[in-house]
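Following: one structure in structure tokens, then a few remarks.
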Amino acid sequence: YEFDTELGTFRLDRVLFSPLFYPFDYGFIPQTHYVDGDPIDVLVLVSHPTFPGCVVEAKAIGVLKMRDEKGSDEKIICVATKDPRYAMRKSLNDLQEHTRKELVHFFEVYKTLEEKSVEVLGWEDVATAVEIIEKYRTDR
Numbered sequence: 572y573e574f575d576t577e578l579g580t581f582r583l584d585r586v587l588f589s590p591l592f593y594p595f596d597y598g599f600i601p602q603t604h605y606v607d608g609d610p611i612d613v614l615v616l617v618s619h620p621t622f623p624g625c626v627v628e629a630k631a632i633g634v635l636k637m638r639d640e641k642g643s644d645e646k647i648i649c650v651a652t653k654d655p656r657y658a659m660r661k662s663l664n665d666l667q668e669h670t671r672k673e674l675v676h677f678f679e680v681y682k683t684l685e686e687k688s689v690e691v692l693g694w695e696d697v698a699t700a701v702e703i704i705e706k707y708r709t710d711r
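Residue numbers (this note's numbering): 572 to 711.
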């Protein structure tokens, strides 16, 4: 889903070409404008799925750095602050190694059937996540 500013609502932008599904909730940070023209992408680790348009209070714990056919494509990794299963996590090191592997695997293969390439470049810490968010804020 993408937020359509002209309509003031969410619209279906695309579906995944494969039988995969996002391992956690996928969304964006309002009042940001990333290099691809959209708000900054986020994955929110939360134990129960939410729904399009649901505002989730979250805190950044790191970044998954990637490159796709359009260039740099960083994903901010966040945890839902109201979820007792994730709220205490402060960094990527607080996640199970398997969870980090799942995230990398998903992004390595999720565009394969579209014949688009994605290169996962690695992890960055919470300080880098905050720098990215601050750099692309539009509410100043």
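Glycine residues also receive a C-beta, built at the ideal position from the N, C-alpha and C atoms.
In this text, all values refer to a predicted model and were calculated from it rather than measured experimentally.
Taking K653 as the centre and dropping the five residues before and after it, the same chain places the C-beta of E628 closer than 7 angstroms to its C-beta, in chain order. Here F581 is exposed. Its C-beta has fewer than 16 other C-beta atoms within 10 Å. In this structure, the alpha-carbon of A631 lies about 15 angstroms from that of R671.
Exclusion of the five residues before and after P594 leaves E673, L674 and F677 as the residues of its chain whose Cβ lies within less than 7 angstroms of its Cβ. In this model, V626 and E668 are separated by some 28 angstroms (Cα to Cα). Counting C-beta atoms within 10 angstroms of its own C-beta, R660 has 16 or more neighbours from the protein chains shown and is therefore classed as buried.
Beta-carbon to beta-carbon, E690 and M637 are separated by about 6 angstroms, close enough to satisfy the 8 angstroms threshold.
Ranked by how close their Cα comes to the Cα of P655, the residues S688, S618 and D665 have S618 in first place. Under the 10 Å beta carbon count, A698 is surrounded by fewer than 16 other beta carbons and is classified as exposed. Secondary structure note for F678: its alpha helix (DSSP H) is the uninterrupted segment E668 to V680. Around the beta carbon of E645, a 10 Å sphere encloses 16 or more other beta carbons of the protein chains shown; the residue is thus reported as buried.
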